[in-house]
Amino acid sequence: MRIAILGAGYVGLVSGACFAEFGVQVALVDSDASKITALREGRIPIYEPGLDKLVADNVRDERLTFHDTLEEAMEGAEAVFLAVGTPSRRGDGHADLSYVFAAAEQVARAATRPLTLVTKSTVPVGTGRRIIDLIRPINPDIAVASNPEFLREGAAIGDFMRPDRVVIGTEDNALGTRALETLRRLYRPLYLIETPIVATSLETAEIIKYAANSFLAMKISFINEVANLCEAAGADVHDVARGIGLDGRIGRKFLHPGPGYGGSCFPKDTLAFARTAQDLGTPLRLIETTIAVNESRKEEMAHRVIAAFGGDVKGKRIAVLGLAFKPETDDMRDAPSLVVVPALMAAGAEVAAYDPEGTAFARQLLPAGVRFAASATAALEGADAAVLLTEWNEFRALPPERLKSAMRGDVFCDFRNVYDPVAMRAAGFTYLSIGRP
Ligand SMILES: NC(=O)c1ccc[n+]([C@@H]2O[C@H](COP(=O)([O-])OP(=O)(O)OC[C@H]3O[C@@H](n4cnc5c(N)ncnc54)[C@H](O)[C@@H]3O)[C@@H](O)[C@H]2O)c1
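Going left to right, the sequence shown walks through residues 13 to 449 as our numbering numbers them.
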């Protein structure tokens, strides 16, 4: 089986490499020529554990190829996937669908045989129908399907190879039946390991993706607010999370308190979901509140650091450990660091920052004046305070005494609760964490 994928970003590249690993012939195309050049030269444009090897293996075995032109990539393809970006539209928070519609139209014009156009990008309910309206006059023999992606950056390959479920939305007609058959065949290796396949309408599949992300984001905002309550009441949020999470109806995941969720999905998807619901006259008030809680959370983290200095950080040297929105990725999209670092600098602090993988993207996004250090200890050198924003494993391995001896001051704001409060205080730190006594 041959497929083509438009967009060689986090989702397109991971899905492409994984489908190739299943034995499918995958042709990837990206409108950014530099990405295709890099991939052809064996360079992976993003950091994702295991991806370099998976790509190299499948390129070597000639199942994964990279193309400049859509026509070339689509040659012989039974299905063409859209894995292009759907960022927040500037100004109103709706998903910007311009890349999706442009790509769909390109596919319709380039198609020379019956095929299935599969939207893997996260798109609001109704987008599949709009794609049909757009392309059917151009090419009546393209089936349109929705196949949202649920992979997590940092664990993307495992998530793609062993997903909790595969969701396939199709039209209720002969084209839909054909599309479902094609996608079932493509996902057969997952069906064989008993992955549930959820076959639905286009609209339902589109809502499943946003509802899933919004629910997870809501869990995070929920536990962050409970963490505030624990701080005020002298309770321990981790014990609360465990105490409620062991209840199978609640589940233990996504109950880890922190500086607010970020990344390429939750912030933009919660916002787009809320906007769609408002347009349809059925507001999602829980999601609107989830968004508001999260936005204020990031600002609040900067205030906590400033408050640790009695409200004045002018001239203070602050080491920021971790910039990417989570460990094991270099993705900086909507990372808490993009709010916390500028706020500290606006208050007069000098910031030295370190991230194991995110520095290259961070340089483009953080204010000029941030000093980027080559290691955690180099960032900590001479610092009055340290702020831990991303829980990379290498930070966990640093003994409190070593952290303390690298620094000038004694304030440590651990916004991921990586360290043991008792050990940190024993090492001489004024230690602040989240939701713990
Ligand atoms: N990143 C994630 O963890 C994740 C997880 C699940 C779903 N998603 C969704 O998947 C989609 C893609 O996300 P991403 O993080 O991979 O984005 P990305 O920005 O990393 O990649 C998108 C790629 O599409 C390319 N592109 C744009 N228009 C094109 C066109 N017409 N033809 C060919 N290439 C084109 C861009 O150059 C870019 O390389 C989004 O809708 C996102 O919400 C992302």
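Idealized CB from N, CA, C, for every residue including glycine. These figures come from a predicted structure and were not determined experimentally.
For Pro348, the closest of Ala115, Phe427 and Thr282 by C-alpha to C-alpha distance is Phe427.
Per DSSP, the unbroken beta strand (DSSP E) holding Glu362 starts and ends at Glu362 to Tyr366. With 16 or more other Cβ atoms from the protein chains shown falling within 10 Å of its own Cβ, Ser445 counts as buried. Taking non-hydrogen atoms of ligand 1 into account, the C-beta of Tyr222 is found less than 7 Å away from none of them. Excluding five sequence positions before and after Thr389, the CB atoms of its chain that fall closer than 7 Å to its own CB belong to Ala418, given in chain order. With respect to Gly140, Leu214 sits close: the two C-beta atoms are nearer than 8 Å.
In the structure shown, Arg101 falls within a coil segment according to DSSP collapsed to helix, strand and coil.
A distance below 8 Å between beta-carbons, with the five flanking residues on each side excluded, links Ala89 to the following residues of its chain, in chain order: Arg14, Ile15, Ala16, Ala39 and Leu127. Closer than 7 Å to some heavy atom of ligand 1: that describes the Cβ of Tyr22.
Between ligand 1 and Leu18, a heavy atom-to-CB distance of less than 7 Å is present.
Thr131 and Ala157 have their C-alpha atoms roughly 6 Å apart. Look at the segment 122–160 and you find these whole runs of alpha helix (DSSP H), each 4 residues long or longer: 139–147. Separation of Val353 and Gly24 (C-alpha to C-alpha, rounded to the nearest whole angstrom) is 31 Å.
Annotation: the segment 251–301 contains the following complete segments of the alpha helix (DSSP H) (minimum length 4 residues), in chain order: 278–291.
For Val210, the secondary structure class from DSSP, reduced to helix, strand or coil, is strand. Taking 8 Å as the cut-off, the Cβ atoms of Gly263 and Lys338 do not count as close.
Taken through DSSP and simplified to helix, strand or coil, His315 comes out as helix.
Here Lys265 is exposed: its Cβ has fewer than 16 other Cβ atoms, across all protein chains shown, within 10 Å. Residue pairing by DSSP places Gly181 opposite Ser158 and Thr212 in a beta bridge.
The C-beta distance from Thr402 to Asp367 rounds to 7 Å, short enough to fall under 8 Å. For Ile48, the secondary structure class from DSSP, reduced to helix, strand or coil, is helix.
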